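Counting from 1, position 122 in the sequence shown corresponds to residue 121 in numbering that gives the first Met the number 0; the numbering is continuous, with no gaps. Using N, Cα and C, we set each Cβ at its ideal position, and we do this for glycine too. Quick caveat, the model's predicted, so the values are computed rather than measured. This report concerns only the one structure given below.
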Amino acid sequence: MSNMDNQNMASTSGFAKGLFIGGLIGAAAALLFAPKPGRDLRSDLSEKMTVVSDKTKDVASVVSSKATDLAKTVSTKTADVAKTVSESKDNIVASVTKASADVANEAAKADKEVMDATAQAAKDTQKQLNANS
């Protein structure tokens, strides 16, 4: 996972912790400031803790699902980029190979033309020397 993914997961984890702690503090404050007998207060605290616990589990499930989806998306995108880079590399190699072959053919043709011209010039020079002698 990348650094950004780790930061997102850490920030989401921090959010879930904050939500849980905030819920506990809010529930405790509401119950403590409401005048009730001890048994009712304990019962209310227990109910509120159950509600907060359920909400925390729901949030954790959503966070886990989102993190899994994000990991799959990153994996898919990474594979797509790798495939594109590989295809581009193959195309570039093919283009360079073809260009090299074309240059080699042109160089061979030019070499043959120079050789033929040199041979013809040598023949012409020989004829002139023979004619002058």
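- 8 Å or more divides the Cβ of T67 from the Cβ of L18.
- CA-CA distance, G25 to V80, rounds to 48 Å.
- Contact between L23 and V51 holds, since their C-beta atoms are separated by about 6 Å, short of 8 Å.
- The C-beta separation of A15 from A70 comes to about 18 Å, leaving the pair out of contact by the 8 Å criterion.
- As the crow flies, the alpha-carbon of K76 is around 12 Å from that of V84.
- Taking the CA atoms as reference points, S42 sits about 11 Å from T49.
- If you draw a straight line from the Cα of N129 to the Cα of D123, it is about 10 Å long.
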